[in-house]
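For the sequence shown, our numbering gives the first residue as 2, with consecutive numbering after it. Heads up, the beta-carbon is just placed ideally off N, CA and C, and yes, glycines get one too. Here's the structure we're looking at; comments come further down.
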Amino acid sequence: MKVGMVGLGAMGLGMARNLAKAGLLAGVYNRTNAKTTEFNVAVYDSPEAMAVAVDILLICVSADQDVIGLVEAIAKTIKPGSIVVDLSTVSSETAKNAAAMLLNKEVDFLDAPVSGGVEGAKNGTLAMMVGGSTKALEKVRPVIEVIAKRIIHMGETGSGQATKAVNQIMCAGINQAVTEALAFGQALGLEMEKVIDVISGGAAGNWFLDHRGSTMTHSTFAPGFKLALHHKDLKICQTMASKANVAIPLSDMTVIDYEELMRDGYGDEDISALYRLKRS
Ligand code: NAP
Numbered sequence: 002m003k004v005g006m007v008g009l010g011a012m013g014l015g016m017a018r019n020l021a022k023a024g025l026l027a028g029v030y031n032r033t034n035a036k037t038t039e040f041n042v043a044v045y046d047s048p049e050a051m052a053v054a055v056d057i058l059l060i061c062v063s064a065d066q067d068v069i070g071l072v073e074a075i076a077k078t079i080k081p082g083s084i085v086v087d088l089s090t091v092s093s094e095t096a097k098n099a100a101a102m103l104l105n106k107e108v109d110f111l112d113a114p115v116s117g118g119v120e121g122a123k124n125g126t127l128a129m130m131v132g133g134s135t136k137a138l139e140k141v142r143p144v145i146e147v148i149a150k151r152i153i154h155m156g157e158t159g160s161g162q163a164t165k166a167v168n169q170i171m172c173a174g175i176n177q178a179v180t181e182a183l184a185f186g187q188a189l190g191l192e193m194e195k196v197i198d199v200i201s202g203g204a205a206g207n208w209f210l211d212h213r214g215s216t217m218t219h220s221t222f223a224p225g226f227k228l229a230l231h232h233k234d235l236k237i238c239q240t241m242a243s244k245a246n247v248a249i250p251l252s253d254m255t256v257i258d259y260e261e262l263m264r265d266g267y268g269d270e271d272i273s274a275l276y277r278l279k280r281s
């Protein structure tokens, strides 16, 4: 089974490197061609050219319209029996639309968003939540096991993205809690490395504190996970929450905060740049 990867951004690059290391990568496509040069595999100049040459096509791009645009393109050439696995974070509706676009081509589509940050992508330790057919998932499992340590089948198409929405709402709350608490500690004049060290070992310890606590208190906000991308996710969550009649006030507040930061030109910084609004 030949595997191709579309999208070599902060997440896709780490995944593609792990696939290449495992000898599983047959080809890559990235909109900006310069990012493909390190790979000793076929480099395609369009998604259509890749789709005709591979059996499993992995996608990791920014947003809903990017996934739909790519699926539209690959649908022109993709072979029956191929499987498309979308690792991007988009809406459940987009996943369902993409799957429908490929159905009459006899191509399976799995929505398989991931969590674990650029560190998880680099180390092959991501958590992956998958929607779509179990049969297709079992076919691609040997490939995605190189990318993700934990792979859970959530149910029908769209359920992977719905689960990722739960994750993104939680991330908003964690970002609010960690940035607010560390800004408070810094205002009290505490030694923040010690604060982070001791708190990490207790009940308030978490991934975000471990990976972004020290950098944010040193005013370093390199992505990581771009704030504008989390904003995109939270807008999806707001639509879903409104339909389900559920309140998500922490996410609502985070959307407003991110919009202020994006207006000030910080959209390409890591989500920990929320700290900018909390520190004195
Ligand atoms: P990123 O660094 O901004 O990379 C985005 C990638 O998508 C680039 O390769 C970009 O190509 C490509 N792309 C964007 N629009 C495209 C289009 N219309 N056609 C073709 N390619 C296009 O973003 P990222 O952090 O890797 O995130 C990718 C996805 O994973 C997003 O959905 C994000 O929400 C999700 N995610 C991110 C993290 C994280 O911690 N970063 C964690 C979990 C999930 P160019 O190189 O040409 O710009």
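Reduced DSSP secondary structure (H/G/I, E/B, other) of residue i
i, result
"M171", "helix"
"R142", "helix"
"M16", "helix"
"V147", "coil"
"D109", "strand"
"D87", "strand"
"M129", "strand"
"I249", "coil"
"K227", "strand"
"M241", "helix"
"V44", "strand"
"I272", "helix"
"H154", "strand"
"S134", "coil"
"E73", "helix"
"A23", "coil"
"S281", "coil"
"N98", "helix"
"L103", "helix"
"S220", "coil"
"K236", "helix"
"S92", "coil"
"K80", "coil"
"L262", "helix"
Distance CB(residue i)-CB(residue j) smaller than 8 Å
i, j, result
"M2", "I57", "yes"
"L111", "V141", "yes"
"V55", "V62", "no"
"Q169", "H231", "yes"
"V144", "L103", "no"
"I84", "D109", "yes"
"L262", "L251", "no"
"N41", "G8", "no"
Inter-residue CB distance, residue i and residue j (contact presumed, cutoff 8 Å)
i, j, result
"Y276", "A184", "6 Å"
"G159", "S89", "Going by Cβ atoms, the distance from G159 to S89 rounds to 14 Å, so no, they are not a contact pair."
"V29", "G10", "Not a contact, Cβ separation roughly 12 Å."
"H212", "E120", "6 Å"
"V91", "Q162", "6 Å"
"A122", "M16", "5 Å"
"H154", "T135", "6 Å"
Residues bridged to residue i [DSSP beta-bridge criterion]
i, result
"M6", "V29, L59"
"S116", "A128"
Inset, instruction - Examine the Cβ distances between the segment 12-25 and the segment 48-55 and report whether three or more of them are shorter than 8 Å. - result: no
Inset, instruction - Pair every Cβ in the segment 124-134 with every Cβ in the segment 178-186, then say whether three or more of these pairs are closer than 8 Å. - result: no
Inset, instruction - Tell me, please, whether the segment 234-242 touches the segment 210-226 by the rule of three or more beta-carbon pairs shorter than 8 Å. - result: no
Legend entry - Three or more C-beta pairs below 8 Å linking the segment 11-21 and the segment 114-123: yes
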